[in-house]
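J.: Residue numbers (our numbering), protein chains in the order written: chain A, 3 to 497; chain B, 3 to 497. No residue lacks a Cβ here, since even glycine has one placed at the ideal position from N, Cα and C.
Protein chains: 2
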Amino acid sequence: MKLKTKVFDIESGGALIVLLNEKIAKELDVTSGDRVRVMAEGKYVVAVVDIAKKLKNKDIGVYDEVRETLNLNPGQIVTVEPEEIPESIGSIKKKLDNKEINVDEIYNIVNDIVDNILTQPEIAYFVAAAYTHGFSMKETEHLTKAMAETGDILKWKKKPIVGKHCIGGVAGNRTTMLIVPIITAAGLMMPKTSSRSITSPSGTADTMEVLADVSFESTKEIKDIVKKAGGCMVWGGALKLAPADDAIVKVEHSLELDPTPMLLASITSKKYVEGDTHVLIDIPVGRFAKCSAKRFKQLKKKFENLGKRLGIKVKVIKTEGEEPIGNGLGPALEAKDILWVLQGHEKGPKDLEEKALTMAGILLELSGKVKKGQGKKKAKKLLESGKALEKMKEIIKAQGGNPNIKPENIKVGKYTYNFKANKSGKIKILNDDRISRIARFAGAPKSKGAGVYLYVHKDAKVKKGDKLFTIYAESDWKLSNAKKFSKKWSPVEIK
Amino acid sequence: MKLKTKVFDIESGGALIVLLNEKIAKELDVTSGDRVRVMAEGKYVVAVVDIAKKLKNKDIGVYDEVRETLNLNPGQIVTVEPEEIPESIGSIKKKLDNKEINVDEIYNIVNDIVDNILTQPEIAYFVAAAYTHGFSMKETEHLTKAMAETGDILKWKKKPIVGKHCIGGVAGNRTTMLIVPIITAAGLMMPKTSSRSITSPSGTADTMEVLADVSFESTKEIKDIVKKAGGCMVWGGALKLAPADDAIVKVEHSLELDPTPMLLASITSKKYVEGDTHVLIDIPVGRFAKCSAKRFKQLKKKFENLGKRLGIKVKVIKTEGEEPIGNGLGPALEAKDILWVLQGHEKGPKDLEEKALTMAGILLELSGKVKKGQGKKKAKKLLESGKALEKMKEIIKAQGGNPNIKPENIKVGKYTYNFKANKSGKIKILNDDRISRIARFAGAPKSKGAGVYLYVHKDAKVKKGDKLFTIYAESDWKLSNAKKFSKKWSPVEIK
């Protein structure tokens, strides 16, 4: 059927959509959610039909993606035909019926996600299948590889390549920004990609961005940085690394679903595309962390098994997830903490330093750089000698930042509020969720200088009226929101 | 935050969506899929955020639904604030975790579906939960009532009110159009709503539309028709009956999911809103039907249990699902069949007549109109005496049709093709799926005169060259598509 292009100047931001009115849809024997093939000048796309009552009879509505792919002009005549359901949908159904799906089926699904052929509800069924039935390790391996191989992959001649990842859920956990300088100071390569925050006050990419650029769109740029500095700390989202992940996360978001197969594949595929040979996975366990002690055991086994299947040596450790780590929470406040630790300054938070040294030590041993039992000692030496700081400066410089930046010169929000103890006693609970929300109400991570600075940690003794934390914001309005929330939902419990 | 309205002149056709660019979204601390409250002149809506890169910084993009609800003009300034996640999402998550949800939670979910607050992937998770874990009968009862009570309900002073429903899957199964005239001829009320076809050559609403109007938008109109004629056969889709069903069916469509709780609730809620007191459910079982013998037993038990909970006397019968019923498949061809049966004409298909008499007989007994064992006899009498035909004429008239229409005057497609036996023998298989597809390729149900007319049924003996069926189409192009398919995938197997 010949239809006339009507252009809507927006992106559909997912599956390719075309709009048809009811009459034309009936004529084509398609309904909302069915697919059609749209053809123009020798090119074609397969798009999902949406019924739009207001459209003129012979019009087909297209958004930017379809328009750009077919290079359409407003009013241009296109040919439209009904199209079969993609095979990948049958495979998703199969998985929802708790049947094993094979390597081809999994690659088909991931390809169709990346190519915007599957709609959000269809991807949601895939997530639901993984959430309710789980995946076999074989399926998880295929999913991981498919997610990696549908995007860019970093390739290195030298080995080992060192990687780390934290599954998240604990505010302030910026160990990456200490581990990468230490590991690279030991002469190992560590091309680290990180995410931005979704629900926490800051992600590693947000914090690193205070010190240097993190958005690089080509793997060539990354390779150049790593060549110069031995490592990098960049935002994975700017690159085309495991692009299916974004579409999957999008439909997981509102229900806060994080099915194990997706968790394993999302993290491991990113380590795989970094080219890592040795990887440490940090899983915080505790009241406010994402992971229970029981789930930790399962995840540890699965991560290590998956690593073996992909030729990556993976070690998984359980860490403290009872309270935030470090003192600063929010991009600028965290960046200051990091520089203070690297400088050996007394303001550097000891818990963060200790955790980073332990992890760097494990990685030095895992990669064979030092003998068993010597890792942490070596890491400490690299930190205390200032070699790690030197490496940090090299990386900042390679990523276009100012290597001589001083922590005291990093700007924080000028609107502040001191939250004080309402009685004397011992800190019993430091509620990570609530502190994170306060920091976000204050504007973090979007406002780099916003966040929370903690003066106390769990088990500290305090007197009534002591400052427990300061809220920093870049606007009066945001400060008052954060203040209001902190008064309503105190994140600190004193006993 | 204050933003400027940018109008996109289309319907989003589901959850209320607003478009923000990335910068504004960050400023509001929301991301794609999060909710915002949009306020203008004392009114507000809660809408889901979609990120649109091309939008100007301070613009908010709105589709028709948001625009109309808030009565917005292009360029108008609105206030936008982040909004909490609806509670119903937590309940969907709970169900996906295989935990029982209570009456309030179920009503919340259904309300939020009807009010376009839930997105398609969120509804898909609800369907996935029902599909993988099932619902308890209590949950199913609440779902059914919630689906009914969020729309219009027909109320009657007189009792009994008779209803029927077929779960579908067999082409040509137009028993409703014989049962309603018979039951109303017996003096009982039968306000029947039907659906249009989704995948078959015709639905009851499509076939009835050949003879009369079926689209009535108010319950008052329906009541007037029933008052005049004792019954009706109208399209449920034009009314606001169980409106959540449409949104649910939309996300079930591409995976062809039909979870038992949704099946039970969808059908029973519609009987509930018709005000039925006595209902017969027809479940075809067989090779090409939707239902296996095993599933039949489960469904029968559940339908009857659910009926009891809602105060409806429900009986479920298993019927033949091995081949199409009747001879004509497609709106006009089926309407001719129906009139022939009502006239006692020899062309009236016997299998369809027999099935309708059996079902009408059961309903006459179930409702207490006649004694046990006398139902079918009574039904036959009403048909053979011409009383059912008279009732049909009354109903056609009440629905604005021509009561004196003759079957031979109903127009069918002028483009025809005779499909002939390629050998002599006995008909072993009459593939319902393939025949349906041939009829749809020919243009049914959109082209009223298109479809397939069968000359043979299963077990019939045929000679090579005998006509097995005729394809009718309203255009040469559609005929050749149907012909091509029938040659490639013969729906008849002769042994």
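Alpha carbon to alpha carbon, how far is alanine 291(B) from glycine 171(B)? Give it in angstroms, no decimals.
T.: 5 Å
J.: Which residue comes first and which comes last in the beta strand (DSSP E) that contains tyrosine 274(B)?
T.: It is not in any beta strand (DSSP E) - tyrosine 274(B) instead sits in the alpha helix (DSSP H) that spans 262–276.
J.: State the start and end residues of the unbroken alpha helix (DSSP H) segment that holds tryptophan 237(A).
T.: Run containing tryptophan 237(A): none in the alpha helix (DSSP H); it sits in the beta strand (DSSP E), 233–237.
J.: Can the beta-carbon of isoleucine 473(A) be found closer than 8 Å to that of isoleucine 440(A)?
T.: yes
J.: Please state the DSSP three-state secondary structure of arginine 69(B).
T.: helix
J.: Any idea what DSSP makes of lysine 460(B), helix, strand or coil?
T.: coil
J.: In chain order, what are the residue ranges of uninterrupted beta strand (DSSP E) at least 3 long that sit wholly in the stretch 50–98 of chain A?
T.: 61–64 and 79–85
J.: Please classify glutamate 219(B): does DSSP put it in a helix, a strand, or coil?
T.: Looking at glutamate 219(B) - three-state DSSP - the assignment turns out to be coil, as it is neither helix nor strand.
J.: In the structure shown, what three-state DSSP assignment does methionine 394(B) receive?
T.: Here DSSP, grouped into helix, strand and coil, assigns methionine 394(B) to helix.
J.: By alpha-carbon positions, which one of Thr195(A), Met192(A) and Thr206(A) ends up nearest to serine 177(A)?
T.: Before going further, note that residue 177(A) is threonine rather than serine in the sequence given. Ranking Thr195(A), Met192(A) and Thr206(A) by Cα distance to threonine 177(A) puts Thr206(A) first.
J.: Could one say the Cβ of histidine 255(B) lies closer than 8 Å to chain A's Cβ atoms, at least one of them?
T.: yes
J.: How do the stretch 143–152 of chain B and the stretch 110–117 of chain B stand: do at least 3 beta-carbon pairs fall below 8 Å, yes or no?
T.: The stretch 143–152 of chain B vs the stretch 110–117 of chain B: in contact.
J.: Can you check whether the C-beta of alanine 452(B) is within less than 8 Å of a C-beta belonging to chain A?
T.: no
J.: If contacts are defined as beta-carbon pairs under 8 Å, then glutamate 325(A) and lysine 460(A) qualify, I think. What distance do you get, rounded to the angstrom?
T.: 5 Å
J.: So serine 90(B) contacts chain A; which residues on that side make the cut at Cβ distance below 8 Å?
T.: What serine 90(B) touches in chain A: nothing, since even the nearest Cβ is about 11 Å away.
J.: Can you pull the DSSP bridge partners for glutamate 322(A)?
T.: Val287(A)
J.: Kindly indicate which three-state DSSP category isoleucine 340(A) falls into: helix, strand or coil?
T.: helix
J.: Using only the alpha-carbon positions, how far apart do glutamate 151(A) and alanine 244(A) sit?
T.: 7 Å
J.: Quick one: does the C-beta of proline 409(B) sit closer than 7 Å to a heavy atom of the ligand MG?
T.: This structure lacks the ligand MG, and indeed carries no ligand of any kind.
J.: How many Å lie between glycine 453(A) and proline 193(A) at the Cα?
T.: If you take the alpha carbons of glycine 453(A) and proline 193(A), they lie about 28 Å apart.
J.: So with Cβ pairs under 8 Å, would you call phenylalanine 218(B) a contact of chain A?
T.: False, the Cβ-Cβ gap to chain A never drops below 8 Å.
J.: Do proline 123(B) and valine 253(A) count as a contact pair if the criterion is CB distance below 8 Å?
T.: yes
J.: Per DSSP, tyrosine 474(A) forms a beta bridge with which residues?
T.: Thr418(A) and Gly453(A)
J.: Could you have a look at isoleucine 314(B) and say whether DSSP puts it in helix, strand or coil?
T.: coil
J.: Give me the DSSP bridge partner(s) of alanine 42(B).
T.: Lys45(B)
J.: Could you check whether alanine 249(B) and glycine 16(B) sit closer than 8 Å to each other, using their CB atoms as the reference points?
T.: Yes, the Cβ-Cβ distance between glycine 16(B) and alanine 249(B) is below 8 Å.
J.: Just list the residues that DSSP pairs glutamate 495(B) with in beta bridges.
T.: Ile431(B)
J.: Which class does serine 369(B) belong to by DSSP, given the choice of helix, strand or coil?
T.: coil
J.: Look at the Cβ atom of isoleucine 269(B), then the Cβ atom of lysine 320(B), and state whether they are nearer than 8 Å.
T.: no
J.: On the three-state DSSP scale, how would you describe threonine 142(B)?
T.: helix
J.: If you compare alpha carbons, which of Asp435(A), Leu481(A), Ser202(A) and Gly174(A) is closest to glutamate 355(A)?
T.: Gly174(A)
J.: Examine chain A for any beta-carbon lying closer than 8 Å to the beta-carbon of alanine 17(B), and answer yes or no.
T.: no
J.: Please state if the CB of isoleucine 163(B) and the CB of methionine 139(B) are separated by a distance shorter than 8 Å.
T.: No; because the gap between Cβ atoms is not below 8 Å, this pair is not in contact.
J.: Would you say glutamate 13(A) and lysine 56(B) are within 8 Å of each other, going by their C-beta atoms?
T.: yes
J.: Output the boundary residues of the alpha helix (DSSP H) element that contains lysine 6(B).
T.: Careful: lysine 6(B) lies outside any alpha helix (DSSP H), inside the beta strand (DSSP E) at 4–9.
J.: Determine, using beta carbons only, whether tyrosine 127(A) and alanine 130(B) come nearer to each other than 8 Å.
T.: yes
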